[in-house]
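Data block below; observations after.
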């Protein structure tokens, strides 16, 4: 009888080891989360909603949850949910992330679970620790200087319903490299991206009809700018000091280019114009930065009137106007 009991116990213990070998560890906080941390064959599912704060959260609540998130994931992140349009949540966040204690840290802010309609004026201005922000789909406006001087921001994706970027909204974000614009954006106000020295590529959204004064002024790393086919006006100094810009293609919809739009673009060599008549009479270039070649893909041959010879205020050499040829050819 004793031997039989020992045998049964050994079988039971063996079965435990076998079942544990197929065990998948799951966080007790998880509920249908898509976030996972993989560690060899084991998976721990993470539901960061556990760390989210609502519109009634105090500054203490927000900072506490941020620090708890850090304990778990070794990075600071603030997650907000609910209707915070009338709350002090953003004020509290700005106070927290600008504390002396965090000055050497990087802090992410996730607003995607809120119903926020507008980022208020100067909401995160000069918040040097802010390294990432996720916007809600409900966002329609980013107000004046909302993220001006946020020198740790590197990438920004604008949400689908955003229609207005007010002036200086991202000015002085010196580490900002990439901005993904949404198709519904209708207004980019003056100096919105002024002095974003690492911004390197811009694809203008399709509904922008005007670029205001100094929008991309002093974006010294900007190598590529794709303008849309609805753009009518380029304001003063829009691309001033974009010293890495080599090529620019101007759409046929363009009717006005203010003086000094391309001032001090010292490496700009090639200009392509997609129109077929020289209706633009403005002089957007300065004597210190004059492009050398003009491409006219929709003008098959040189007209007898020589009407393109002084297009955009430049005296183009006869061999420098490329009729019927695209800039990429």
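Numbering (mature numbering (1 follows the signal peptide of the UniProt record, and there is no 0)), first residue to last: -24 to -1, 1 to 305.
Virtual Cβ for every residue (Gly too), placed ideally from N, Cα, C.
Using 8 Å as the threshold, is the C-beta distance between residue i and residue j below it?
i: residue 144; j: residue 173; result: no
i: residue 157; j: residue 181; result: yes
i: residue 178; j: residue 196; result: no
i: residue 228; j: residue 209; result: no
i: residue 129; j: residue 161; result: no
i: residue 151; j: residue 127; result: yes
i: residue 237; j: residue 265; result: no
i: residue 141; j: residue 111; result: no
i: residue 225; j: residue 248; result: yes
i: residue 57; j: residue 90; result: yes
i: residue 70; j: residue 99; result: yes
i: residue 55; j: residue 35; result: no
i: residue 60; j: residue 103; result: no
i: residue 273; j: residue 302; result: yes
i: residue 250; j: residue 267; result: no
i: residue 96; j: residue 66; result: yes
i: residue 252; j: residue 298; result: no
Which of the three DSSP states is assigned to residue i in this structure?
i: residue 285; result: coil
i: residue 269; result: strand
i: residue 202; result: strand
i: residue 28; result: strand
i: residue 296; result: helix
i: residue -9; result: Low per-residue confidence applies at residue -9: pLDDT is 41, beneath 50, and the placement is therefore not dependable enough to give any value.
i: residue 210; result: strand
i: residue 304; result: coil
I'd like the list of long-range same chain contacts for residue i, defined as Cβ closer than 6 Å, with 5 residues on each side in sequence excluded.
i: residue 291; result: none
i: residue 52; result: 42, 46, 81, 83
i: residue 276; result: 300
i: residue 109; result: 85
i: residue 338; result: This structure cannot speak to residue 338, because the chain is shown only from -24 to 305.
i: residue 289; result: 259
i: residue 124; result: 101, 144, 147, 148
i: residue 205; result: 227, 229
i: residue 163; result: 140
For residue i, which residues in the same chain have their Cβ closer than 8 Å to its Cβ, ignoring the five residues on either side in sequence?
i: residue 255; result: 231
i: residue 159; result: 136, 181, 182, 183
i: residue 138; result: 111, 115, 116, 117, 118, 158, 160, 161
i: residue 286; result: 292
Since residue i contacts residue j with CB under 8 Å, what's their CB separation in whole angstroms?
i: residue 217; j: residue 194; result: 4 Å
i: residue 199; j: residue 176; result: 6 Å
i: residue 154; j: residue 171; result: Actually they are not in contact, since the Cβ atoms of residue 154 and residue 171 sit about 16 Å apart, beyond 8 Å.
Sorted by chain position, which residues of the same chain lie with C-beta nearer than 7 Å to residue i's C-beta, five sequence neighbours on each side aside?
i: residue 27; result: 41, 44, 45, 55
i: residue 262; result: 236, 239, 240
i: residue 30; result: 57, 58
i: residue 38; result: 29, 54, 68, 69, 72
i: residue 77; result: none
i: residue 233; result: 210, 256, 258, 260
i: residue 165; result: 141, 142, 143, 188
| task | Return the chain-ordered ranges of every beta strand (DSSP E) run that is complete within the segment 37 to 88 and spans a minimum of 3 residues. | result | If you keep only unbroken beta strand (DSSP E) runs of at least 3 residues inside the segment 37 to 88, you get 52 to 58.
| query | In chain order, which alpha helix (DSSP H) runs of at least 4 residues are fully inside the segment 219 to 272? | reply | None, since the segment 219 to 272 contains no complete alpha helix (DSSP H) of that length.
| beta strand (DSSP E) segments (min. 3 residues) lying fully within the segment 105 to 159 | The segment 105 to 159 contains these whole beta strand (DSSP E) runs: 106 to 110, 131 to 133, 154 to 156.
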